[in-house]
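Peer 1: Listed in order, the protein sequences are those of chains D and X.
With this note's numbering applied, the first sequence has no gaps in its numbers, which climb one by one up to 259 at the end.
With this note's numbering applied, the second sequence has no gaps in its numbers, which climb one by one up to 259 at the end.
My structure is below; once you've seen it, I'll send some questions.
Number of protein chains: 2
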Amino acid sequence: MNDTKHFKPIKTKRAFEEVCEQIRGEIQTGNLTPGDKLPSERELAEQFQVSRSTVREAFRTLEIGGVLELHKGVHGGAVVVSGNERPITQTMADLLSLGGISLQDYTEARACMQREMIRLACERGTDEDFAAMEDNLSRMRDAGPGISVEDRTHLTQEFYDGLARATHNGAMVIIMRAFTEPLSFYLNQIGVDRTWDVAASREKFLKHLRARDAQAATDEMIGHMDRLHSFMLSQQPG
Amino acid sequence: MNDTKHFKPIKTKRAFEEVCEQIRGEIQTGNLTPGDKLPSERELAEQFQVSRSTVREAFRTLEIGGVLELHKGVHGGAVVVSGNERPITQTMADLLSLGGISLQDYTEARACMQREMIRLACERGTDEDFAAMEDNLSRMRDAGPGISVEDRTHLTQEFYDGLARATHNGAMVIIMRAFTEPLSFYLNQIGVDRTWDVAASREKFLKHLRARDAQAATDEMIGHMDRLHSFMLSQQPG
DNA sequence: AAAGTTAAATGGTCTGACATTTGAAAGCCC
DNA sequence: GGGCTTTCAAATGTCAGACCATTTAACTTT
């Protein structure tokens with residue numbers, strides 16, 4: 022009996038977790054689909070034979086998890102949504118600030134993800150996809166070097182969003198956002214390298230993308246990220 | 022005045038969200054670090070000048086978000102943890118069952134992630150990393166074809182975990198889990214292809230990994246995943 | 001010294017109340 | 001009748017206080 026790993030840690034279930042599970046179960050079986058509205062808190066409390074607070078905690082849990090949306094007012098209530106990437110992004114940000122993953126690992130993983138996205142975007146990107154990125158780039162140029170940190174990170178995020186969209190893969194868009202948004206937050210705090218003309222690099226990048234030259238585009242991006250990375254590390258406390 | 026996109030949607034803040042923000046703020050500034058214990062619900066309610074239920078909703082939110090752990094009993098309370106991948110995995114699963122991302126996009130993204138992991142694992146994987154995968158593989162073989170669906174998916178998850186760990190990148194381990202766990206859940210429901218000897222494929226895969234031949238390993242894995250993918254689609258309702 | 005008992009602190013749940021928000025219905029003016 | 005304002009009801013958001021369940025330290029007993 023040396024193989025005791027099948028024992029699972031005991032965890033007494035809390036009432037609100039049971040409620041969550043039942044609601045999630047209804048979603049997995051298809052009884053509840055996006056757009057459906059759940060009964061009111063008071064009504065559900067009766068059905069589950071628990072108090073309203075317990076139902077509230079369950080609703081809160083599912084809202085934070087991006088499964089429900091809660092609306093106030095008469096005809097308000099809990100509505101099933103088709104999913105929400107917010108929890109993923111938020112958790113990534115938390116993992117970074119809590120040290121669950123290091124900035125090094127994070128940026129490396131980000132580079133890996135983008136490498137694949139470039140590959141897909143070169144395969145499938147349409148003229149509209151690239152035009153959207155071009156438009157973003159021109160707005161960045163118009164803003165000039167005096168652009169505020171917030172506007173600059175916002176435009177940057179939009180640019181990478183465009184790249185992700187060019188893959189025509191919904192999961193990629195979500196992953197991209199999970200990797201760019203915490204970074205934006207970080208840069209808003211430590212500032213950006215104002216001596217650096219990012220538009221020029223992105224222009225070259227976009228040109229390679231349009232030429233479907235994944236290798237050249239990747240090389241351009243890696244160089245870009247290396248510079249960003251060393252800037253961030255130089256600004257990091259400690 | 023055609024550029025009105027700077028207006029952000031109004032969202033009246035709820036009290037518990039303010040509490041969450043303040044606590045998250047303390048974490049971002051480093052005033053709260055993993056291991057720190059927060060005051061009790063009753064005490065924090067006084068400090069924030071809100072009711073205990075409001076503090077509870079905030080705690081619940083942060084617990085679900087993987088930022089806090091709540092312990093009962095005297096000397097229990099809320100403790101800051103160093104991060105938790107659970108919310109990411111859970112959200113991925115929800116996005117799949119809610120249709121926020123399609124099974125196709127999901128499996129494609131998974132293949133892309135693994136492609137990069139193989140690349141890194143070939144660069145950095147140690148003998149110990151590969152030995153752990155080998156051990157997992159031999160346990161799979163020992164279990165034989167009569168293995169239960171749950172045990173088989175569990176071993177599979179462990180195998181891919183081993184691959185992720187071989188990258189020596191913490192973010193990759195988390196991403197891998199986010200992509201394998203919802204799949205395990207899915208396969209536990211629809212069953213697995215029992216005519217298929219996955220151990221043989223993994224053995225070849227591992228051999229290529231040890232030879233640091235990323236291309237061959239990737240090819241082996243892609244073939245493996247294609248078979249899995251077509252099996253899943255064949256079992257899908259509709 | 002070991003074992004069992006008690007008490008206090010804390011999260012978990014319940015109850016009931018009031019505040020706030022929101023959309024629809026009713027009423028009003030033109 | 002059309003458009004505007006007022007009213008109202010239902011739902012979430014918050015509050016206050018109580019009790020239950022769990023955990024652990026301190027105490028008591030053997």
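Virtual Cβ for every residue (Gly too), placed ideally from N, Cα, C.
Given the structure is predicted, the values throughout are model-derived calculations rather than measurements.
Using a Cβ-Cβ distance cut-off of 7 Å, determine whether Asn190(X) contacts chain D.
Peer 2: On the second sequence, residue 190(X) is found 169 positions in, with the first residue counted as 1. For Asn190(X), the answer is yes, since a Cβ of chain D falls inside 7 Å of its Cβ.
Peer 1: Do the segment 130-137 of chain D and the segment 192-206 of chain D make contact, defined as three or more Cβ pairs closer than 8 Å?
Peer 2: yes
Peer 1: Interface residues of chain X around Thr112(D) at Cβ under 7 Å?
Peer 2: As a position in the first sequence, residue 112(D) is number 91, starting the count at 1. Neighbours of Thr112(D) on chain X, chain order: Gly86, Gly87, Pro108, Ile109.
Peer 1: If I'm right that Leu119(X) touches Ile196(D) with Cβ under 8 Å, what's the distance once you round it to whole angstroms?
Peer 2: Numbered from 1 along the second sequence, position 98 holds the residue referred to as residue 119(X). Numbered from 1 along the first sequence, position 175 holds the residue referred to as residue 196(D). Not confirmed; about 17 Å, so no contact.
Peer 1: Mind checking whether Thr112(X) and Pro55(D) have CB atoms under 7 Å apart?
Peer 2: The residue you call residue 112(X) lines up with position 91 of the second sequence. The residue you call residue 55(D) lines up with position 34 of the first sequence. No; because the gap between Cβ atoms is not below 7 Å, this pair is not in contact.
Peer 1: With DSSP run on the structure shown, which of helix, strand or coil describes His229(D)?
Peer 2: To locate residue 229(D), count along the first sequence from 1; it is residue 208. Three-state DSSP puts His229(D) in a helix.
Peer 1: Can you grab the Cα-Cα spacing for the pair Val40(X) / Leu53(X), in whole Å?
Peer 2: Residue numbering aside, residue 40(X) sits at position 19 when the second sequence is read from its first letter. Residue numbering aside, residue 53(X) sits at position 32 when the second sequence is read from its first letter. Using only the alpha carbons, I get a separation of about 14 Å.
Peer 1: By how many angstroms is the C-alpha of Thr50(D) removed from the C-alpha of Leu176(X)?
Peer 2: If you number the second sequence from 1, residue 176(X) lands on position 155. If you number the first sequence from 1, residue 50(D) lands on position 29. Roughly 26 Å separates the two Cα atoms.
Peer 1: Closest Cβ-Cβ distance between Thr75(D) and chain X: below 7 Å?
Peer 2: As a first step, residue 75(D) must be located in the first sequence, where it is residue number 54. Answer no: the Cβ-Cβ gap between Thr75(D) and chain X never drops below 7 Å.
Peer 1: What residues match up with Ala99(X) in a beta bridge as DSSP calls it?
Peer 2: By 1-based counting over the second sequence, the position of residue 99(X) is 78. DSSP lists Leu91(X) as partners of Ala99(X).
Peer 1: Counting only the same chain and skipping the five closest in sequence on each side, list residues whose C-beta sits under 6 Å from that of Lys34(X).
Peer 2: Locating residue 34(X) in the second sequence gives position 13, where the first residue counts as 1. Excluding sequence neighbours, Lys34(X) sits near nothing in its chain.
Peer 1: Would you kindly check if the distance between the Cβ of Gly86(D) and the Cβ of Ser104(X) is under 7 Å?
Peer 2: Counted from its first residue, the second sequence places residue 104(X) at position 83. Counted from its first residue, the first sequence places residue 86(D) at position 65. Note on residue identity: the sequence assigns Gly, not Ser, to residue 104(X). Against a cut-off of 7 Å, the Cβ pair of Gly86(D) and Gly104(X) comes out as no contact.
Peer 1: Applying the criterion that 16 or more other CB atoms from any shown protein chain within 10 Å of the CB defines a buried residue, is Glu149(X) buried or exposed?
Peer 2: Translated into the one-based positions of the second sequence, residue 149(X) becomes position 128. Exposed, because fewer than 16 other Cβ atoms sit within 10 Å of the Cβ of Glu149(X).
Peer 1: Check whether the Cβ atoms of Ala99(X) and Leu59(X) sit closer than 7 Å, and answer yes or no.
Peer 2: What you label residue 99(X) is simply residue 78 of the second sequence in a count that begins at 1. What you label residue 59(X) is simply residue 38 of the second sequence in a count that begins at 1. Taking 7 Å as the Cβ cut-off, Ala99(X) and Leu59(X) qualify as a contacting pair.
Peer 1: What does the Cβ neighbour count give for Gly165(D), buried or exposed, with the cut at 16 atoms within 10 Å?
Peer 2: Residue mapping note: residue 165(D) aligns to position 144 of the first sequence, counting from 1. Under this definition Gly165(D) is an exposed residue.
Peer 1: For the segment 146-160 of chain D against the segment 134-144 of chain X, do three or more pairs of beta-carbon atoms, one drawn from each stretch, fall closer than 8 Å, so that the two count as touching?
Peer 2: No contact exists between the segment 146-160 of chain D and the segment 134-144 of chain X.
Peer 1: Between Leu227(X), Gln256(X), Asp247(X), which has its C-alpha nearest Thr302(X)'s C-alpha?
Peer 2: Because chain X in this structure spans residues 22 to 259, residue 302(X) falls outside the shown range and cannot be described.
Peer 1: When you compare the CB of Thr33(D) with every CB in chain X, is at least one pair closer than 7 Å?
Peer 2: As a working mapping, residue 33(D) is identified with position 12 in the first sequence. No, Thr33(D) does not count as interfacial toward chain X.
Peer 1: Just to confirm, is the Cβ distance from Phe151(D) to Arg231(D) under 7 Å?
Peer 2: In the first sequence, counting from the first residue as 1, residue 151(D) sits at position 130. In the first sequence, counting from the first residue as 1, residue 231(D) sits at position 210. Yes, these two residues count as a Cβ contact at 7 Å.
Peer 1: Kindly indicate the opening and closing residues of the alpha helix (DSSP H) around His245(X).
Peer 2: The residue you call residue 245(X) lines up with position 224 of the second sequence. Unbroken alpha helix (DSSP H) run through His245(X): 235-256.
Peer 1: Please classify Glu229(D) as buried or exposed, where buried requires at least 16 neighbouring CB atoms within 10 angstroms.
Peer 2: Position 208 of the first sequence, counting from 1, holds the residue named residue 229(D). The residue asked about is misnamed: residue 229(D) is His in this sequence, not Glu. With 16 or more other Cβ atoms within 10 Å, it is buried.
Peer 1: What's the C-alpha gap between Gly212(X) and Gly46(D)?
Peer 2: Here residue 212(X) corresponds to residue number 191 of the second sequence, with the count starting at 1. Here residue 46(D) corresponds to residue number 25 of the first sequence, with the count starting at 1. Their Cα atoms are separated by approximately 18 Å.
Peer 1: At the level of alpha carbons, what is the spacing between Gly259(D) and Leu117(D)?
Peer 2: As a first step, residue 259(D) must be located in the first sequence, where it is residue number 238. As a first step, residue 117(D) must be located in the first sequence, where it is residue number 96. Residue placement at Gly259(D) cannot be trusted, given a pLDDT of 48 that sits under 50; the coordinates are not used to answer.
Peer 1: Can you find the residues in the same chain that come closer than 8 Å, C-beta to C-beta, to Ala220(X), ignoring five residues on each side of it along the sequence?
Peer 2: Stepping through the second sequence from its first residue, residue 220(X) is reached at position 199. Closer than 8 Å at Cβ, skipping near neighbours: Leu158, Met161, Arg162.
Peer 1: What number of angstroms, rounded off, separates the C-alpha of Thr188(X) from the C-alpha of Met138(X)?
Peer 2: Reading the second sequence from its first residue, position 167 is the one you call residue 188(X). Reading the second sequence from its first residue, position 117 is the one you call residue 138(X). Computed Cα separation, rounded: 6 Å.
Peer 1: How big is the Cα-Cα spacing for Leu208(X) and Ser72(X)?
Peer 2: Position 187 of the second sequence holds residue 208(X). Position 51 of the second sequence holds residue 72(X). Near 44 Å, if we compare the C-alpha coordinates of Ser72(X) and Leu208(X).
Peer 1: Give the range of the alpha helix (DSSP H) segment to which Asn209(D) is assigned.
Peer 2: Taking the first sequence and counting its residues from 1, the one referred to as residue 209(D) is at position 188. Counting along the chain, the alpha helix (DSSP H) containing Asn209(D) begins and ends at 191-211.
Peer 1: Report yes if the CB atom of Val102(X) is closer than 7 Å to the CB atom of Glu90(X), and no otherwise.
Peer 2: Numbered from 1 along the second sequence, position 81 holds the residue referred to as residue 102(X). Numbered from 1 along the second sequence, position 69 holds the residue referred to as residue 90(X). The answer is yes: Cβ separation under 7 Å.
Peer 1: With a threshold of 7 Å between beta-carbons, can Asp126(D) be considered close to chain X, or not?
Peer 2: Numbered from its first residue, the first sequence carries residue 126(D) at position 105. Yes, Asp126(D) lies at the interface with chain X (some Cβ there is under 7 Å from its Cβ).
Peer 1: I want to see whether chain D comes within less than 7 Å of Leu59(X), judged by CB atoms only; does it?
Peer 2: Within the second sequence, numbered from 1, the residue matching residue 59(X) stands at position 38. Taking Cβ atoms only, chain D never reaches closer than 7 Å to Leu59(X), which makes this a no.
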